[in-house]
Structure formats: C-alpha cells, structure tokens
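Residue numbers (the UniProt record's numbering): 1 to 87.
We treat Cβ as the ideally placed atom computed from N, Cα and C, and that holds for glycine.
Have a look at the structure below, then the notes.
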Amino acid sequence: MTSRNTNQPVTPGASSALDQMKYEIASELGLTNYQQMDKGSLPSRVNGYVGGNMTKKLVAYAEQALASGNTAQILQSAPTEQIGQRS
Numbered sequence: 001m002t003s004r005n006t007n008q009p010v011t012p013g014a015s016s017a018l019d020q021m022k023y024e025i026a027s028e029l030g031l032t033n034y035q036q037m038d039k040g041s042l043p044s045r046v047n048g049y050v051g052g053n054m055t056k057k058l059v060a061y062a063e064q065a066l067a068s069g070n071t072a073q074i075l076q077s078a079p080t081e082q083i084g085q086r087s
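Here it is in structure tokens:
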C-alpha cells in the first residue's frame with residue numbers, strides 16, 4: 001500500500017522539535033522506548049494518545065499566545081488553505 005500522506009511541517013526545521021515533543025509525551029505516558037518501537041505493531045489507541053496529547057499541548061500553546069496578545073504571530077504562522085486547493 002502506497003502512503004498518500006502529504007503532511008509537511010509548515011515551518012522548516014520543526015520536524016525535529018515535533019519529534020522531540022512526541023518522544024517526551026510518550027515518555028510521560030510510560031512509553032520509555034517509543035522512539036525505537038515499531039509504531040505499526042502498537043494499538044492505534046496508544047499512538048492516538050501520543051498524537052492527541054501533542055495536539056492538546058500545541059493548542060494550549062497557541063491559546064496562551066493569543067491570550068497574551070500575540071495574534072499576529074499565530075495568524076502568520078501558516079498560510080490559510082483555501083477550500084478545495086490542496087497542494
């Protein structure tokens with residue numbers, strides 16, 4: 001099966017920071033060797049907890065930035081993708 005995932009980090013260099021965040025969250029969840037694990041052999045629920053907690057923390061970070069008046073930084077962080085115009 002060929003992967004059709006076209007998700008790319010919006011910010012160059014963010015991949016390593018996101019990976020580090022993923023491994024830290026996995027460790028917080030008790031998955032101490034998550035980086036070496038075969039993610040395909042894990043239940044989807046386990047991978048979902050890691051990704052869900054990443055999303056929760058990233059949204060909380062953005063909410064804090066917005067609450068402190070950094071709206072321009074958030075709005076300029078990624079281009080708005082128009083409906084039906086996926087690249």
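Rounded straight-line distance, which links the Cα of residue j to that of residue i
i	j	result
residue 22	residue 68	26 angstroms
residue 77	residue 57	17 angstroms
residue 15	residue 51	14 angstroms
residue 41	residue 27	18 angstroms
residue 12	residue 70	21 angstroms
Residue range of the unbroken alpha helix (DSSP H) whose run includes residue i
i	result
residue 10	Unbroken run through residue 10: none, as it is neither H nor E.
residue 48	44-67
residue 71	71-75
Whether residue i touches residue j by CB criterion (7 angstroms)
i	j	result
residue 33	residue 39	no
residue 25	residue 54	yes
Beta-carbon separation (whole angstroms), residue i vs residue j, contact threshold 8 angstroms
i	j	result
residue 18	residue 49	With a Cβ gap of about 16 angstroms, residue 18 and residue 49 do not count as contacting.
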